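Enquirer: Got a structure here, written out as structure tokens. Questions coming.
Residue numbers (this note's numbering): 1 to 136.
What follows is the structure in structure tokens.
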């Protein structure tokens, strides 16, 4: 009850706090690379020669991955940045299972000067959209 009284008396401070929290979340989202839907990713691959980097483990990658994607597990990305010989002005699309690792990887790649996009929903969303996968 006291909490509700505090909220009603300090509505301006509470509103400001909520706005700042929202802006912080937006800022962090942009630092990790702009999200891309499966359709946007397909367009980037076809029209902008975007490179797909798959961050999943070896077994998941072998079970099915996007055509011509580069496999660099999330835990090895910092050590294997040199493998991304793509010009830094061409987009890199980060893919994982459901989008959980692309934020940290995106921040790392953006610091290195890459143009980064993150596949929304990861490979799960790609499969839900009935888009093709290559299986090894």
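The C-beta atom is built at its ideal place from N, Cα and C for all residues, glycine as well. As the structure is a computational prediction, the values presented were derived from the model and not from experiment.
How many angstroms separate the CA atom of residue 32 from the CA atom of residue 72?
Expert: One C-alpha to the other measures close to 17 Å.
Enquirer: First and last residue of the alpha helix (DSSP H) that includes residue 59?
Expert: Note, residue 59: alpha helix (DSSP H), 58-63.
Enquirer: Relative to the alpha-carbon of residue 108, which residue among 46, 84, 98 and 22 has its alpha-carbon at the smallest distance?
Expert: Selected option, being the one with the closest Cα: 84.
Enquirer: Taking just the CA atoms, how far does residue 35 sit from residue 50?
Expert: Straight-line Cα distance between these residues: approximately 14 Å.
Enquirer: Just mark residue 2 as buried or exposed, buried being the case when its beta carbon has 16 or more other beta carbons within 10 Å.
Expert: The residue in question, residue 2, is exposed, as its Cβ has fewer than 16 Cβ neighbours within 10 Å.
Enquirer: What's the call for residue 122, buried or exposed, on a 16-neighbour Cβ count within 10 Å?
Expert: Counting Cβ neighbours within 10 Å, residue 122 comes out buried, since at least 16 surround it.
Enquirer: Suppose you measure from the CA of residue 43 to the CA of residue 93; what does that come to, to the nearest Å?
Expert: Cα to Cα, residue 43 sits roughly 11 Å from residue 93.
Enquirer: In the DSSP assignment, the alpha helix (DSSP H) including residue 32 goes from what residue to what residue?
Expert: Premise fails: residue 32 is in no alpha helix (DSSP H) and is neither H nor E.
Enquirer: Given that a residue counts as buried once 16 or more other Cβ atoms are within 10 Å of its Cβ, and exposed if not, what is residue 112?
Expert: Exposed, because fewer than 16 other Cβ atoms sit within 10 Å of the Cβ of residue 112.
Enquirer: Sorted by chain position, which residues of the same chain lie with C-beta nearer than 6 Å to residue 117's C-beta, five sequence neighbours on each side aside?
Expert: Here the set comprises 33, 34, 36, 91 and 93.
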